[in-house]
């Protein structure tokens with residue numbers, strides 16, 4: 001399993017992915033699920049993946065070599081807009097399905113993949129997309145300024161309650177770490193280390209890339225501190241005046 | 246879908262269930278998923294259900310009329326221990342499977358049910374069980390003093406982080422309401438009103454039964470207050486000293 005989350009904020013994008021890949025519970029590996037491509041000052045992209053690792057790696061390889069879109073072969077460095085970038089990723093997913101889908105189905109393996117694509121191209125706004133296994137996609141908006149893929153339920157309540165388009169980037173970092181920690185605690189198939197990427201609006205480059213391990217002092221503070229903060233918060237809530245006989 | 250949660254605390258049991266039953270998204274009804282039976286001063290039981298409503302209603306009806314266990318027909322008023330009570334509920338589930346399982350399978354309907362059984366019988370401790378569709382069961386312990394059925398993921402992080410066996414009943418009420426609210430916000434098939442039951446240890450009766458509706462003033466305070474408390478909590482957390490370029 002996997003948990004990846006992306007925040008689409010006024011100040012930029014905050015992206016976080018876990019690294020656990022498993023085939024059964026006794027075959028666990030670490031693979032980054034975050035791919036980044038940037039031409040500083042011109043364009044920056046990050047792709048986060050969940051689902052079948054063979055599919056998501058094939059998608060990224062095809063994107064690097066070029067995928068047919070609008071009649072010619074393009075990479076993320078060629079597309080004129082973020083919308084075309086999302087289309088290109090979708091086209092890459094469809095190419096992989098054309099190539100591998102039938103053989104996978106013959107082995108009883110579903111075509112399971114979901115991708116987050118965030119980024120910005122000079123002259124236009126930063127955007128964040130979720131691309132499905134069918135190659136179609138949705139986009140984060142100011143109404144719902146976050147997208148998740150993989151094991152999303154444990155980490156969703158904190159985002160539902162507090163993330164807004166106006167949330168500052170630094171607060172966004174705290175929130176995706178809390179969201180990830182909630183997931184790590186509840187699902188063994190989501191695991192450390194995690195990869196963090198922050199892309200400031202109009203910076204047109206990765207502003208912060210960090211692999212966060214078990215030893216990361218700040219993340220350890222978040223893990224311990226958040227449980228304490230929740231405990232304080234519920235204790236501070238008034239009790240009901242209901243009588244228990 | 247459904248969300249039911251039970252806390253097994255030193256001071257007693259706190260049980261909460263939603264009431265939404267749906268067959269598709271355009272056929273939604275309110276059914277209580279909490280059944281209570283008590284002989285004040287002697288024994289008290291509550292059964293919370295998720296899954297197929299026809300199954301859980303049949304289970305409760307059979308329990309009322311008597312289910313074969315250890316060679317004779319018994320109800321929850323006859324069993325000598327909470328362990329036997331859980332066995333009896335499991336036996337009722339198996340009877341329903343014997344009666345209806347094949348016909349349901351013929352219609353492509355899975356035998357989907359999960360039940361929480363909490364209670365106490367005079368002279369022994371209060372206990373909380375989760376009974377599966379196969380009629381077997383597990384029990385909450387001091388290590389993991391809560392059990393959930395139905396759509397459990399959204400409401401689990403808060404419980405994972407703060408519920409302990411020593412949590413007071415009043416705090417337990419706050420926590421199950423926060424856990425339920427997290428679920429209500431994220432899954433449309435879990436809906437208000439919710440049914441709350443508190444059974445104080447050794448009281449051998451329902452200590453508090455309350456149907457909580459949209460209009461319940463305390464629950465509204467929890468809903469609004471918790472989001473505010475989380476916002477304050479994450480803002481109060483120190484920011485990392487990482488630099489975003």
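Chains as they are written, first to last, in this note's numbering: chain A, 1 to 245; chain B, 246 to 490. In this text, a Cβ means the ideal position worked out from N, Cα and C, and glycines have one as well. These numbers were taken from a predicted model, which means no experiment stands behind them.
Under 9 Å between C-beta atoms of residue i and residue j
i                      : j                      : result
residue 410 of chain B : residue 253 of chain B : yes
residue 444 of chain B : residue 371 of chain B : yes
residue 418 of chain B : residue 239 of chain A : yes
residue 53 of chain A  : residue 89 of chain A  : no
residue 20 of chain A  : residue 190 of chain A : yes
residue 185 of chain A : residue 407 of chain B : no
residue 312 of chain B : residue 283 of chain B : no
residue 415 of chain B : residue 261 of chain B : no
residue 258 of chain B : residue 363 of chain B : yes
residue 45 of chain A  : residue 85 of chain A  : yes
residue 87 of chain A  : residue 69 of chain A  : yes
Top-ranked residue by Cα proximity to residue i, from the options
i                      : options                    : result
residue 194 of chain A : A:226, A:219, A:167, A:122 : A:219
residue 206 of chain A : B:456, B:489, B:474        : B:489
residue 210 of chain A : A:216, A:196, A:222        : A:196
residue 49 of chain A  : A:151, A:124, A:122        : A:151
residue 324 of chain B : B:367, B:300, B:460        : B:367
residue 316 of chain B : B:453, B:336, B:346        : B:336
residue 446 of chain B : B:271, B:460, B:369        : B:369
residue 1 of chain A   : A:101, A:153, A:212        : A:153
Neighbourhood of residue i by C-beta distance below 7 Å, restricted to the same chain and skipping five residues each side
i                      : result
residue 377 of chain B : 359
residue 147 of chain A : 6, 116, 128, 130, 140
residue 271 of chain A : As displayed, chain A neither begins before 1 nor continues past 245, which places residue 271 of chain A out of reach and without an answer.
residue 390 of chain B : 252, 253, 254, 408, 409, 410
residue 457 of chain B : 438, 439, 441, 464
Close beta carbons around residue i, own chain, < 6 Å, minus the five adjacent residues each side
i                      : result
residue 280 of chain B : 292, 305
residue 138 of chain A : 130
residue 285 of chain B : 450
residue 296 of chain B : 357, 358, 359
residue 275 of chain B : 264
residue 318 of chain B : 311
residue 208 of chain A : 198
residue 459 of chain B : 437
Euclidean distance between Cα positions of residue i and residue j
i                      : j                      : result
residue 470 of chain B : residue 42 of chain A  : 44 Å
residue 120 of chain A : residue 432 of chain B : 32 Å
residue 158 of chain A : residue 267 of chain B : 27 Å
residue 277 of chain B : residue 167 of chain A : 40 Å
residue 487 of chain B : residue 302 of chain B : 56 Å
residue 106 of chain A : residue 135 of chain A : 21 Å
residue 448 of chain B : residue 256 of chain B : 10 Å
residue 28 of chain A  : residue 481 of chain B : 36 Å
residue 82 of chain A  : residue 76 of chain A  : 9 Å
residue 265 of chain A : residue 466 of chain B : With chain A running from 1 to 245 in the structure shown, residue 265 of chain A is simply not present.
residue 354 of chain B : residue 109 of chain A : 24 Å
residue 100 of chain A : residue 270 of chain B : 35 Å
residue 160 of chain A : residue 93 of chain A  : 29 Å
Beta-carbon separation (whole angstroms), residue i vs residue j, contact threshold 8 Å
i                      : j                      : result
residue 55 of chain A  : residue 111 of chain A : 7 Å
residue 155 of chain A : residue 183 of chain A : 4 Å
Same chain, Cβ closer than 8 Å to residue i, five either side skipped, listed in chain order
i                      : result
residue 462 of chain B : none
Chain-ordered neighbours of residue i on chain E, where CB pairs are closer than 8 Å
i                      : result
residue 170 of chain A : The question asks about chain E, but that chain is absent: this structure's protein chains are A and B.
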